[in-house]
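Q:
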Ligand SMILES: [Zn+2]
């Protein structure tokens, strides 16, 4: 027995060691992903967004982002706190740490690495200062929550008054937990790992005296994905105490309903709920918990199936509307929030890892292009909070060092991760999920694969094996937006029979070698999608790309937001909805048949052939390319 086991033990030691030394820590938590550094984006809008985002990140003052942590630890001031969104101090710092790690891992950018290491060294000083200054409650604590001492030391005694007066303390510290995890996960940084686990131990200790009822009462306040954090700590260490903590931090109100497939989301704050569901799914994955698994899956199904607009986003005024309130999507200027989609994509990645179905990849692609990519200004790189669906309204953007919104924090991360889901792997299968110009170095198979495409401006992609040889199954995504029998594949110039159908993966098992070339044709077509519960409002899509029209640039008040508390809301004049252009056609097929392509402009259509009320010459183009416009 022991002799037989010996080689297994050796090999697991070797694997753990290789995670530490070669960036494979990412696969330790997310077993189907390639390390970010092994997938290079080589061209296209995602590369532009990623490169611009790094420039934007480096315009922020790291010392000012660190200031809240130093302040709460009792260390002398090095730089002024950012005054915007005072009360939530520290949350953007946590996101910033994640963003530095992600971008360093994806590109090797040295300044991102330097800043990440500086950030971690400052947090070590904070930890040490807490041990001296706050020995009663702060061993391992790192948060920047204002008034930390009063909030946490009283919460430890079961008194929630200060906790409930504060601005979502667990939500706030969750961002730093995630930042530390990401610094370890994406770069293998061991200092980040120890800070993270000590901080987790603090989270367990500070709540250890609470009964189950008290825990649940505490979780009535927005708390980010604290259950996800502890599930990750369990996966990192195998220590049961973290899994127990992940369960204690799971909000039964949502868990029980979702596990019973009951949608109780009406009038619930959306981005309070999504991270809880991410946590349910993580618990399901690390512990095979079927109740949590049902909850994560049902949450995703009901949000994407019943509560999302065509561009992937959800919520208005940050809350899920009830059926009769969905008309608010048309009237309100506080449309879907970017953070919600950031978290929905995490949940989608997690679900796909357990069950790699095309429906997950399809939602991911839809949301990536139309919400996430579109939430970054393509010139100055500012981030969007609300994306209103109100006709002829607009969006506002952040400026570096001004807006400390939640969506700035999640935005800092969004544009560095575009290479995370292009390819995934499972055993001997390689999944081609996204059609993005890129280069994959599949080290375990010893092959390099280049993907050449201008998608979505062209309706095909080409994969080339440029190095090595290996046996594996290529799982080619057959998107739901390609018609039956329309997807075509050629291997080395010869037609390859496609025996698959829309919304599935097509498996091609071969001995692949350098020089092999796979061409995949992906013909797109126009389609309509109705707004949830407001069916006379429709979205027009071409393939996965949502189309929109520029309808003027008058009075774009606060287009680049100032430091005001509410400046993330597009507060310019609301043009009357009943004066907006309205399409008058008898049927969907007539409508689509009358849209005409604009010559020499990809993904662009004219509405000049349509019957309209309040007619206006509209040019439909990808929504993700529309900025600074109504
Ligand atoms: Zn947000």
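Numbering (my numbering), first residue to last: 1 to 630. A virtual CB, placed ideally from N, CA and C, is assigned to each residue, including glycine. Note that the structure is a prediction, hence the values are computed from the model and not measured.
1. Pick from 345, 599, 356: whose alpha carbon is nearest that of residue 363?
2. Can you name the start and end residues of the beta strand (DSSP E) that residue 496 belongs to?
3. Give the residues whose C-beta lies closer than 5 angstroms to at least one heavy atom of ligand 1, in chain order.
4. Select from 515, 435, 127 the residue whose C-alpha is nearest the C-alpha of residue 369.
5. Can you list, in chain order, the residues of its chain with a C-beta nearer than 6 angstroms to that of residue 527? Leave out the 5 residues immediately preceding and following it.
6. Would you mind reading off the limits of the beta strand (DSSP E) that contains residue 512?
7. Leaving aside the five residues before and after residue 113 along the sequence, list all residues of the same chain whose C-beta is less than 8 angstroms from its C-beta, in chain order.
8. Helix or strand or just coil, what does DSSP make of residue 420?
9. In the DSSP assignment, the alpha helix (DSSP H) including residue 236 goes from what residue to what residue?
10. Can you tell me whether DSSP reads residue 644 as helix, strand or coil?
11. Let me know if residue 68 comes out buried or exposed under the rule of 16 or more other beta-carbons within 10 Å of its beta-carbon.
12. I need the straight-line Cα distance from residue 356 to residue 489, nearest angstrom please.
13. Determine contact between the stretch 531 to 539 and the stretch 492 to 511, defined as no fewer than three beta-carbon pairs at a distance below 8 angstroms.
14. Contact defined as beta carbons within less than 8 angstroms: I believe residue 391 pairs with residue 333. What is the distance between those atoms, to the nearest angstrom?
15. On the CB-based measure, 16 or more other CB atoms within 10 Å of its CB, does residue 278 come out buried or exposed?
16. Quick check on this structure: which residue in 366, 399, 393, 508 has the alpha carbon closest to the alpha carbon of residue 379?
17. Taking C-beta to C-beta, are residue 310 and residue 529 nearer than 8 angstroms?
18. From the DSSP output, read off the bridge partner residues of residue 471.
19. Closer than 8 angstroms is the cut-off here; do at least three beta carbon pairs connect the stretch 614 to 624 with the stretch 555 to 569?
20. Report all residues from its chain with a CB closer than 6 angstroms to the CB of residue 154; omit the five preceding and five following residues, and keep chain order.
21. Go ahead and pull the three-state DSSP assignment for residue 536.
22. Which residues in the same chain have their Cβ closer than 8 angstroms to the Cβ of residue 428, if we skip the five residues on either side of it in sequence?
23. Taking Cβ positions, are residue 72 and residue 420 nearer each other than 8 angstroms?
24. Do you know offhand how far residue 205's Cα is from residue 120's?
25. Pull the bridge partners of residue 586 from the DSSP assignment, please.
26. What number of angstroms, rounded off, separates the C-alpha of residue 550 from the C-alpha of residue 404?
27. Alpha carbon to alpha carbon, how far is residue 458 from residue 148? Give it in angstroms, no decimals.
28. Checking 8 angstroms against the spacing of the C-beta atoms, do residue 308 and residue 42 come in under that value?
29. So, do the stretch 252 to 262 and the stretch 274 to 294 have three or more beta carbon pairs nearer to each other than 8 angstroms?
30. Is the stretch 263 to 271 in contact with the stretch 312 to 321, if contact means three or more CB pairs nearer than 8 angstroms?
31. What does the alpha-carbon distance come out to for the pair residue 431 and residue 425?
32. Can you grab the Cα-Cα spacing for the pair residue 122 / residue 494, in whole Å?
33. Residue 53 to residue 415, Cα distance in whole Å?
34. Please list the terminal residues of the continuous alpha helix (DSSP H) segment that includes residue 29.
35. Under 6 angstroms Cβ to Cβ from residue 223, same chain only, skipping five residues before and after it: list those, please.
A: Looking at the coordinates:
1. The shortest Cα separation from residue 363 among 345, 599, 356 belongs to 345.
2. Per DSSP, residue 496 is one residue of the beta strand (DSSP E) stretching across 494 to 496.
3. Working through the chain, the matches are 337, 339, 406, 407.
4. Closest by alpha carbon: 435.
5. Same-chain partners within the cutoff: 541.
6. Run containing residue 512: 504 to 513, per the beta strand (DSSP E) assignment.
7. Cβ within range, chain order: 100, 104, 187.
8. Of the three classes helix, strand and coil, the one that applies to residue 420 here is coil, per DSSP.
9. 226 to 237 is the extent of the alpha helix (DSSP H) around residue 236.
10. Nothing about residue 644 can be read from this structure; the chain reaches only from 1 to 630.
11. Per the 10 Å Cβ criterion, buried.
12. Looking at the two C-alpha atoms, the distance is approximately 21 angstroms.
13. The stretch 531 to 539 makes no contact with the stretch 492 to 511, as fewer than three CB pairs between them are under 8 angstroms.
14. Wrong, their Cβ atoms sit about 11 angstroms apart, outside the cutoff.
15. With 16 or more Cβ atoms within 10 Å of its Cβ, residue 278 is classed as buried.
16. Check the Cα spacing between residue 379 and each of 366, 399, 393, 508: the tightest is with 399.
17. Cβ atoms of residue 310 and residue 529: closer than 8 angstroms.
18. BP columns for residue 471 point to 511.
19. The stretch 614 to 624 vs the stretch 555 to 569: no contact.
20. Same-chain partners within the cutoff: 162.
21. Of the three classes helix, strand and coil, the one that applies to residue 536 here is strand, per DSSP.
22. Cβ neighbours of residue 428 beyond the five flanking positions: 471, 472, 473.
23. One thing to note: residue 72 has its Cβ no nearer than 8 angstroms to the Cβ of residue 420.
24. Cα to Cα, the separation comes out at about 23 angstroms.
25. Residue 586 is not bridged by DSSP to any residue.
26. Taking the straight line joining both Cα atoms gives about 29 angstroms.
27. Between the alpha carbons of residue 148 and residue 458 lies a gap of roughly 53 angstroms.
28. Judged by beta-carbon spacing, residue 42 lies beyond the 8 angstroms limit of residue 308, meaning their Cβ atoms are not closer than that value.
29. The way I'd put it, the stretch 252 to 262 does touch the stretch 274 to 294; three or more beta-carbon pairs between them come closer than 8 angstroms.
30. Because the criterion of three Cβ pairs below 8 angstroms is met, the stretch 263 to 271 and the stretch 312 to 321 touch.
31. The straight-line gap separating the alpha-carbon atoms of residue 431 and residue 425 is approximately 6 angstroms.
32. Each residue's Cα considered, the two are about 58 angstroms apart.
33. Whole-angstrom Cα-Cα distance: 6 angstroms.
34. Where residue 29 is concerned, the enclosing alpha helix (DSSP H) stretches over 25 to 29.
35. Excluding sequence neighbours, residue 223 sits near 170, 171.
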